[in-house]
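In order, the protein sequence lines correspond to chains D and P. Oh and the first sequence: position 320 is 319 in numbering that gives the first Met the number 0, straight run, nothing missing. Oh and the second sequence: position 54 is 53 in numbering that gives the first Met the number 0, straight run, nothing missing. Quick notes on the structure that follows.
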Amino acid sequence: MRKGWTLRRQGYTVLLTAALLCIMAIVSLTQAVSRDLDLLESANSDNVQWTLSQAEVEYLSFERSLDHALAARSVSRDQIQRGFDIFYSRITTLETGSLYKDLRNTAEFNQALANIRVFLDGNVDLIDRLDSATEAEMLQLETDAEALSNDVRHLSTSGLYYFAKLSDNQRESISVSLMRLAFVTTSLIAALGLLAYYSHWMGQQTERSKRELEAAYTRLNTVVNASLDAVIVSDYQGRVLDFNKAAEKIFGYSLDQVLGLPLADFLIPPDLRNRHREGIARMNLTGETRVVGHGRIELRAMRANEEVFPCELALESAGSGKDRIVIGFLRDITSVKAAEQELVEARDHALAGEKAKADFLAVMTHEIRTPLNGVLGNLSLLEGTKLNDRQTRFAQNMQISARQLMAHVDAVLDIARYEAGKHSVRRAPTDLGAMLQDIVASQSGYAAANRNTLSSRWEGEPPGWVMADAAQVQQVLLNLVGNAIKFTHGGQITLEAECLDAPAPQTARIEFRVIDTGIGIAEADQARIFNDFQTVDASYQRSAGGTGLGLGIVQRLVHGMGGELGVESEPGEGSVFWVRLDFAQTAEPETRVAYDSVRSGSRSLQVLAVEDNEINLQILQEHLALLGHTVSVAHNGQEGVDAAAATRFDAIFMDISMPVMDGLEAARRIRAGGGASHDVPIIALSANVLPEMRERITQAGMTGFVGKPYQQQDLLNVLDPLSEDAPANPASNSPQPGVLSELQDRFERETDELLDWLETLPEDHAEIAARSHMVAGSAAAFGNLDLRNGLIRLEQAAEQRAERAVLERHIAEVRQIWSDA
Amino acid sequence: MSLLRAGMRAMMIVATVLGLTSAPLLAEMAQPSGNVILTVTGKIGETNAEGAARFDLEMLQDLPATQIRTTTIWTTGEKTFVGVSLDTFLKAIDAQGSHLRATAINDYAVEIPVTDAAPGGPIIAYLQNGEEMSVRNKGPLWIVYPYDSSSDFRTEVIYSRSIWQLDRIVVHD
């Protein structure tokens, strides 16, 4: 486009230059011709021929007057004299006139003139004294004059010839000039013709460009009008220049209505108008744009019916100064926004649902565990009392049911824990071979109950010692083996392991396979069995028992350890569950780390119990005594730290929430202090069984955890690994029947005292919180959860320094619960 | 190109010897005392003979004189001519026609339109280079135009009107 333009311009320049040169040539030639014509006009000739012939006429007139005088035909001498003078004058003119200068250069003319001059000079005296002239002199004059006739004749003829030639030359010169003029004029006409042709061609080009532009414009217009987005073009002051169909539809104005109107007056919501005007002023003043050319932004716009709606807007500008136009592309995103809002709400709902589910799981399991532990704790204690056979059987049945329930709750808790992503993998040197053997050993009895045989074997060489989270690997395998046993009757279960090709040096990729000859799983069901709460057959679930969470937990554990698992099964033939895990290989440690296995031997241990709640402390003391251990007590963290520094214990049980110093701080101090018991196991006792608390406990340096309320078995589980010899039979130690009723009485008394005290409207928030907490602990131990929860709410309100009215409401609530109980 | 402006550019020097006044130059036209060298007839208001105004050299010299310095095509070199400007002369005889028929001693005759008689225009010269002119030297009277002052005076027509040895003028329409 630009190049063509330049070429065209160059063409014009060349042609114009040519035309200009022609015009200059014509002007110059015209001047030449004009000069020639001037020469003709100036007529230096003064009718030269006439003058020359007049010389002859005057000569003849003079001569005749002489003749007449001689013939005495009454011619006056004056007449002769005048004829001579006139002839003389004529000759002088020919001799001196500039007009005859060139003529005088011709020999013939000059000679003739010279001869005449001789005659004139020779006779001028005679003419002047003519009256006294003699006859002879007159005759001589006549003779001389006659002799002159040839010269006078020559004068005129040579002059005629000369001037004819001169005239020819002049004509020729004019002819040449005219020829030149004609040539240049022709050239000019040719140049003008070319120019005309060129202009015509240019005109055609322009016409074609125009048509192309029109076509492009039409196309663009079609595109703009077909656009689903509103396209609005405005000038540098924000006045509408164009408004496409989509814009008309979105805004409800027609192009005719808005053409030339400032955008601020109708498209922009009133609250944004000032900003818009400022933006335009800024753009025109400084050229700075904050929206134009900055991509899509979201704004609000206003329709004809004054409805303000959200829109997505992109502005671009073209040109500058007063030629600047701004093109706006605008999309009505009302529906998008609505959909977005819906999505956000849906997501929020989903998230809230998820959270509610997690909260529900955590709270419910907690709320279930707490009373369940109460049941189990009391059952343990009940078994220690004197019972008849039926009572013993009932108690045992109750215990079996309660334990099963507890297992389910724990499974749900595990899920919650994994879901929260809080569990971590803690690797330690592990002997996988020994682990397999232990699993077979521990599950053999269970397998036998279903008339199954259980065995384990290594396909190829075992890998030796590896870094593994033994507890997690064991749980995975135990779950799978447990499942296999559950769904196999009178069959065979094989726990098989194999080293696959290692993915990297110093690592081992182990595939564990649990192979059974059980009922198998239909292909259609294989994918969903790893989902939570999924069992293949709801009816079977009842006979086999189980929450349907087992494989979900397995899957989470395996994925948590970076492994994979799968199943291959044929209904009626059996199933193979396989798990692939990568481990780093390691050397055999000097001392073997015990993994969680059920052991049954124990010796009497020195145990420190740190617990602020008197009732809880007594229950703990009772249980530990029943297990054959010696118990020392401390009533808060500080006492615990002091005791641990002074005495070497085998284990320390530490409550978490205590006055003066909480359990976490105490554990940290014991570990850091270097006292007598700085390195002994510290087992946390807490009602908070959520994963966060576990982490905090671990961070404080504690080695174990027992959730409150607990069963005797829980204590046994944590203490057993510590007592290697001196087998003990906890069941043989009879509990003291009076102790519990004594504790119950004390709990009731404490509660009454608290309520009485609260009646006095105490001001001390801290004390309200502390005493409420104390009784809440006891309430939990005795299974009065309503009371416990009511007291916890009171405690929290007091801690938050709630207003009196709030506290009173909580107190009234607690009182109501207590009176209902 | 106006004659006036052309005149200003030329080498011609116009010298007004006497003031050019519009008052009658001759209260009663005098009679010639010397040889009559010019006779004017036709439509004239001033006469000193029967239907004619006759001039000798002295009478012409009594009229306001004008000088022209110019070359001519009939002479060599620049000449100074002194005479009565045709304009002045026609006013002096109260010429009323539109044309002059001027005739020379040798009977050469030419028509001169009165419009030629303008200030800066032709004169009836009686002195050439300060001397009276003989018949042999195109005298005694010669109508001379200021040829050098303008190309307008260098035309065939003007040359033909430059009559020498002038002795008669008839004023007519």
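Cβ coordinates follow ideal geometry from the N, Cα and C atoms, glycine included.
Host beta strand (DSSP E) of THR65 of chain P (start-end): 65–69
CB of PHE652 of chain D within 9 Å of CB of LEU604 of chain D, strictly: no
Check whether THR69 of chain P and GLU77 of chain P have beta carbons under 9 Å apart: yes
Counterpart residues of MET653 of chain D in DSSP-defined beta bridges: D:VAL609, D:ALA683
For MET466 of chain D, the first and last residue of its enclosing beta strand (DSSP E): 464–467
Straight-line Cα distance separating MET660 of chain D from ARG792 of chain D: 22 Å
9 Å Cβ cutoff, SER148 of chain P in contact with chain D: No, its Cβ sits nowhere closer than 9 Å to a Cβ of chain D.
Cβ distance (whole Å) where GLN491 of chain D is taken to contact PHE529 of chain D below 8 Å: Cβ atoms of GLN491 of chain D and PHE529 of chain D stay farther apart than 8 Å, at about 24 Å.
Beta carbon proximity, LEU59 of chain D to chain P, threshold 9 Å: no
Interface flag, TYR144 of chain P vs chain D, CB-CB below 9 Å: no
Minimum Cβ-Cβ distance from GLY121 of chain D to chain P less than 9 Å: With a threshold of 9 Å between beta carbons, GLY121 of chain D makes no contact with chain P.
Residues in the region 104–133 of chain P having any Cβ partner in chain D nearer than 9 Å: ILE104, ASN105, TYR107, SER133
Euclidean distance between Cα positions of ARG508 of chain D and SER454 of chain D: 22 Å
Contact between the region 481–500 of chain D and the region 508–519 of chain D (3+ Cβ pairs under 8 Å): Contact holds: three or more Cβ-Cβ distances are below 8 Å.
Local conformation of TYR125 of chain P per DSSP, three classes: strand
is_contact[ASP84 of chain D, chain C] using C-beta, thresh 9 Å: Among the protein chains in the structure shown, which are D and P, there is no chain C.
Min CB distance ILE36 of chain P to chain D below 9 Å: no
Residues that GLY41 of chain P bridges to, as DSSP identifies them: P:VAL170
Residues near ASN377 of chain D in its chain [Cβ-Cβ closer than 7 Å; skip 5 each side]: none
Cα-Cα separation, GLN9 of chain D to ASP255 of chain D: 44 Å
Residue from D:GLY237, D:PHE648, D:ARG527, D:TRP817 with nearest C-alpha to ASP322 of chain D: If we check each option's Cα against that of ASP322 of chain D, D:GLY237 comes out closest.
Spatial neighbours of GLU794 of chain D in its chain, beta-carbon cut-off 7 Å, leaving aside the 5 residues before and after: Leaving aside the five residues that flank GLU794 of chain D on each side, the residues in its chain whose CB is nearer than 7 Å to its CB run, in chain order, ALA768, SER771, HIS772, ALA775.
Three-state secondary structure assigned by DSSP to PHE61 of chain D: helix
is_contact[THR75 of chain P, chain D] using C-beta, thresh 9 Å: yes
Contained alpha helix (DSSP H) runs [length at least 4] in the region 329–395 of chain D, N- to C-terminal order: 333–382
Straight-line Cα distance separating ARG289 of chain D from ARG279 of chain D: According to the sequence as given, residue 279 of chain D is Ile; it is not Arg. When rounded, the distance between both Cα atoms is 10 Å.
Exposure of ASN136 of chain P, with buried meaning 16 or more beta-carbon neighbours within 10 Å: Residue burial is scored here from C-beta neighbours: ASN136 of chain P has at least 16 other C-beta atoms within 10 angstroms and is therefore classed as buried.
Within 9 Å, strictly: CB atoms of ALA64 of chain P and VAL170 of chain P: Not a contact, by the Cβ cut-off of 9 Å.
Short Cβ contact (9 Å threshold) for ILE85 of chain D with SER60 of chain D: yes
Candidates D:GLY373, D:PRO428, D:ASP819, D:ASN387: closest to LEU404 of chain D by CA position: D:GLY373
Closer than 9 Å to chain P by CB, ASP45 of chain D: Confidence at ASP45 of chain D is low in this model, with a pLDDT of 48, below 50, so its placement is unreliable and the value that follows should be read with caution. Taking Cβ atoms only, chain P reaches closer than 9 Å to ASP45 of chain D, which makes this a yes.
Counted within 10 angstroms of its Cβ, other Cβ atoms place TYR216 of chain D as buried (16 or more) or exposed: exposed
Per DSSP, the bridge partner or partners of HIS98 of chain P: P:PRO112, P:HIS171
Candidates D:ILE438, D:GLU460, D:GLU458, of which the one nearest LEU476 of chain D by Cα: D:ILE438
According to DSSP, residues forming a beta bridge with LYS248 of chain D: Answer by DSSP bridge pairing: none, since LYS248 of chain D is not bridged.
Spatial distance of GLU141 of chain D from ASN149 of chain D (CA atoms): In this structure, the straight-line span from the alpha carbon of GLU141 of chain D to that of ASN149 of chain D is close to 14 Å.
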